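Numbering (our numbering), first residue to last: 820 to 1075.
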């Protein structure tokens, strides 16, 4: 097996591509696994290979390696964790979605909080499954996503429903004393983008973004990305247009 620093891929006609199996595999769903735990990748690969219509074509330990494999292998389905080496927050999901827009993307993770679930879906995930799910629950979720639908496992769905019922009884947090540019930066931070990526999107320097970030964190008394994500959701910044933060800047934008 390859080392943790190197992406590992099984190409068509490789380990499982001999004999009559090759004919069936050409019609199988091509799956890419991205997780920083080798034992999980190996176990999940073995589990998926029990399904005749699913074939693991590669796996990687980091987002950069996963992006490289996704470009070369063009998988139909990508299974990844919500937070991995080489990415901040859900930045990895955003990059995988931009890199492989036609692939279905399922998050398999231990993170069961509303913030993680909403942020992952806003970043472009098609499904969200917790790692304590059973084999049948996972396979059902994958097939649901592959059919073109979105899927939340039972625990994730219950978490969102409880949050929705709670939100219905209290007004949304309002954003006051924050400039338009700071609102943009806030939504991008909540979506997991790094200062460098935000600077590139807004056509500003990293120092300017850092200044906006420090100002809004101070104004809103936020201490980390989780706080920012929670505030952005409660204020509606991530609900209006989930993909707005990933859009390229317009040339006519004024300086912030």
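Backbone N, C-alpha and C define an ideal beta-carbon position, used for all residues, glycine too.
The model shown is predicted, which means the values in this text are computed figures rather than measured ones.
query	result
Got a sec, what are the start and stop residues for the alpha helix (DSSP H) residue 1031 sits in?	1025-1039
Considering only their Cβ atoms, is the gap separating residue 915 from residue 899 smaller than 8 Å?	yes
Just to confirm before moving on: does the CB-CB distance between residue 1009 and residue 1051 stay below 8 Å?	yes
Decide if residue 998 is buried, meaning its Cβ has at least 16 other Cβ atoms within 10 Å, or exposed.	exposed
Name the one or two DSSP bridge partners that residue 947 has.	926, 971
Do residue 886 and residue 925 come within 8 Å of each other at the CB atom, strictly closer than that value?	no
Compare the beta carbon distance of residue 855 and residue 892 with 8 Å and say whether it is the shorter of the two.	no
Look at residue 964 and residue 923 and say whether their C-beta atoms are less than 8 Å apart.	yes
What are the partner residues of residue 848, as DSSP defines its beta bridges?	873
If you draw a straight line from the alpha carbon of residue 1031 to that of residue 906, how long is it in whole angstroms?	21 Å
Would you kindly check if the distance between the Cβ of residue 1028 and the Cβ of residue 1014 is under 8 Å?	yes
Which class does residue 991 belong to by DSSP, given the choice of helix, strand or coil?	Because the pLDDT at residue 991 is just 46, under 50, the model does not fix this residue reliably, and the value given afterwards should be weighed accordingly. Here residue 991 sits in coil by DSSP.
Under 8 Å between the Cβ atoms of residue 944 and residue 912?	yes
What are the residues that DSSP puts in a beta bridge with residue 879?	853
Grab me the residues of residue 825's own chain with a C-beta within less than 8 Å of its C-beta, minus the 5 sequence neighbours each way, in chain order.	Confidence at residue 825 is low in this model, with a pLDDT of 47, below 50, so its placement is unreliable and the value that follows should be read with caution. The answer, listed in chain order, is 884.
Rounded to whole angstroms, what is the Cα-Cα separation between residue 942 and residue 981?	22 Å
Return the CA-CA distance between residue 1023 and residue 1034, expressed in angstroms with no decimal places.	16 Å
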